[in-house]
DNA sequence: TCCAGACATTGGAGTCATTCAAATATTTAA
DNA sequence: TTAAATATTTGAATGACTCCAATGTCTGGA
């Protein structure tokens, strides 16, 4: 398992360190996780890590395509290890909960803007905003400007 | 024109002030504009305004649905006065340019996630990432972590 | 196995966009 | 015209990163 991850890093030309392995592992503990939470999880696993290293590791891993960074407005960035498929996100305006949705319309519409105006598009990012079942049930409404990160 | 905007505010139950009129006007000068640029434009129009008032006015106008805030990751928030239609954005990873795209697939796919998992969805936000024609022509590639706001 | 160079991690400081609180000023309804 | 409601301003603070330089750790080659 740990070896798997080390190999994965090596395959992507990324130097293997305890911090990076732990960060990668932390990202896989939850569907979506903030840099802060990654730091907490990693500290539980390997004792200590600086927040800067967390950011750096997350950046390297994201650049290699091993994890994905999503950045819902008003929330700190979230990282997920579900990559390579074409999935999107449902985000609750009240509690900030983020859940994955498979792309309903298949690959095509999500990779093309229709009229790309000369752009070379490499990614389509789709966020559906609304209220999650729990907040709906409690009839909770969004605060003026607020969602807390998961 | 100015009266039009004043009426528009009143119709939405928003108190009319010189600052708000100027902010609303500033947002309509460009397809997408940052809070900072709004402040600059407004200062050219009415002399002075605090940045906080700009943020406040933008917040009020956005809450009323008169303008829309978009927040491309890595960039400060952008505001646009094109509201009420279902349009999306092409964003250049190199220069940060943002251009509008009409929704290619019509209303339906953009309002439904397909499997909404109990969410009540009120908005679908779609961002297409890539390189704009100019950056393509010059073969400029994205910096590690960078796009400057327009 | 050892070494040197490359690369990673760390601490500290700093930036940027944005928000908060309290005091003052302006708008609006009566 | 006036008072109450609401905006604006000033000043300070916050959160989420990012940069730099120094130290530490990996890794491929001898």
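Chains as they are written, first to last, in our numbering: chain E, 1 to 150; chain X, 1001 to 1150.
C-beta atoms are modelled at their ideal positions from N, C-alpha and C, and glycine is treated no differently.
As the structure is a computational prediction, the values presented were derived from the model and not from experiment.
- Query: Does the beta-carbon distance from residue 1101 of chain X to residue 115 of chain E come in below 8 Å?
  - Reply: Here residue 1101 of chain X is near residue 115 of chain E, since their CB atoms are less than 8 Å apart.
- Task: In angstroms with no decimal places, state the Cα-to-Cα distance between residue 72 of chain E and residue 127 of chain E.
- Result: Each residue's alpha carbon lies about 8 Å from the other.
- Item | C-alpha distance - residue 77 of chain E paired with residue 123 of chain E, whole-angstrom precision | Cα to Cα, residue 77 of chain E sits roughly 17 Å from residue 123 of chain E.
- Roughly how many whole angstroms lie between the Cα atoms of residue 1149 of chain X and residue 95 of chain E? Residue confidence is low: residue 1149 of chain X scores 44 on pLDDT, short of 50, so the model does not pin down where it sits. Its coordinate-derived value is still stated next. The straight-line gap from Cα to Cα measures roughly 29 Å.
- Of all the options E:34, E:43 and E:63, which has the alpha carbon lying nearest to the alpha carbon of residue 13 of chain E? With respect to the C-alpha of residue 13 of chain E, the residue from E:34, E:43 and E:63 having the closest C-alpha is E:63.
- Query: Counting pairs of beta carbons, one from the stretch 54–68 of chain E and one from the stretch 12–31 of chain E, are three or more of them closer than 8 Å?
  - Reply: Contact annotation: the stretch 54–68 of chain E touches the stretch 12–31 of chain E, with at least three C-beta pairs closer than 8 Å.
- Going straight from the alpha carbon of residue 108 of chain E to that of residue 1032 of chain X, what length do you get? Its pLDDT being 46, under 50, residue 108 of chain E is placed unreliably in this model, and the coordinates cannot settle the point.
- Among residues of its own chain, excluding the 5 on either side of residue 65 of chain E, which ones have a beta-carbon nearer than 7 Å to its beta-carbon? Same-chain partners within the cutoff: 83.
- Message: Within a Cβ cutoff of 6 Å, which residues of the same chain sit near residue 46 of chain E, ignoring the five residues on either side of it in sequence?
- Response: Only 18 and 22 meet the Cβ criterion.
- Residue-level contact to chain X via CB, residue 115 of chain E, 8 Å cutoff: Using a CB distance cut-off of 8 Å, residue 115 of chain E counts as an interface residue toward chain X.
- Message: So with CB distances below 8 Å, who are the chain E contacts of residue 1084 of chain X?
- Response: Simply none; closest approach about 16 Å.
- Give the interface partners of residue 1133 of chain X over in chain E, defined as CB-CB distance under 8 Å, in chain order. Ordered by position in chain E, the residues that pass the 8 Å Cβ test against residue 1133 of chain X are 117, 118 and 119.
- Message: DSSP three-state label for residue 1103 of chain X, please.
- Response: Note: residue 1103 of chain X maps to coil in three-state DSSP.
- Item | Range of the contiguous beta strand (DSSP E) that encloses residue 70 of chain E | 68–70 is the span of the beta strand (DSSP E), which, as asked, contains residue 70 of chain E.
- Message: Could you check whether the Cβ of residue 107 of chain E sits closer than 8 Å to any Cβ belonging to chain X?
- Response: At residue 107 of chain E, the pLDDT of 49 sits below 50, so the modelled position is not reliable and the matter cannot be decided from this model.
- Message: Quick test of your reading: residue 1089 of chain X and residue 1103 of chain X, contact by CB under 8 Å. State the CB separation rounded to the nearest angstrom.
- Response: The Cβ separation is near 11 Å, so there is no contact.
- Item | Selected residue, minimal CA-CA separation from residue 118 of chain E, among X:1118, X:1133 and X:1074 | Distance check between residue 118 of chain E and each of X:1118, X:1133 and X:1074 places X:1133 closest, using alpha-carbon atoms only.
- Item | Segment limits, alpha helix (DSSP H) that includes residue 1116 of chain X | Residue 1116 of chain X -> no alpha helix (DSSP H), and no H or E assigned at all.
- C-alpha distance - residue 30 of chain E paired with residue 1142 of chain X, whole-angstrom precision: Using only the alpha carbons, I get a separation of about 29 Å.
- Message: According to DSSP, residue 1088 of chain X sits in a beta bridge with which residue or residues?
- Response: According to DSSP, which records beta bridges pairwise, residue 1088 of chain X is partnered with X:1101.
- Message: Check for me: the alpha helix (DSSP H) holding residue 1020 of chain X runs from which residue to which?
- Response: Per DSSP, residue 1020 of chain X belongs to the alpha helix (DSSP H) from 1018–1027.
- What residue range is occupied by the uninterrupted alpha helix (DSSP H) comprising residue 133 of chain E? Taken as a continuous stretch (DSSP letters only), the alpha helix (DSSP H) holding residue 133 of chain E covers 133–137.
- Query: Do residue 1085 of chain X and residue 1067 of chain X have their CB atoms nearer than 8 Å?
  - Reply: No. Outside cutoff.
- Can you round the beta-carbon distance between residue 51 of chain E and residue 39 of chain E to whole angstroms, since I take them to be within the 8 Å contact cut? Taking the Cβ atoms as the reference, residue 51 of chain E lies roughly 5 Å from residue 39 of chain E, within the contact range of under 8 Å.
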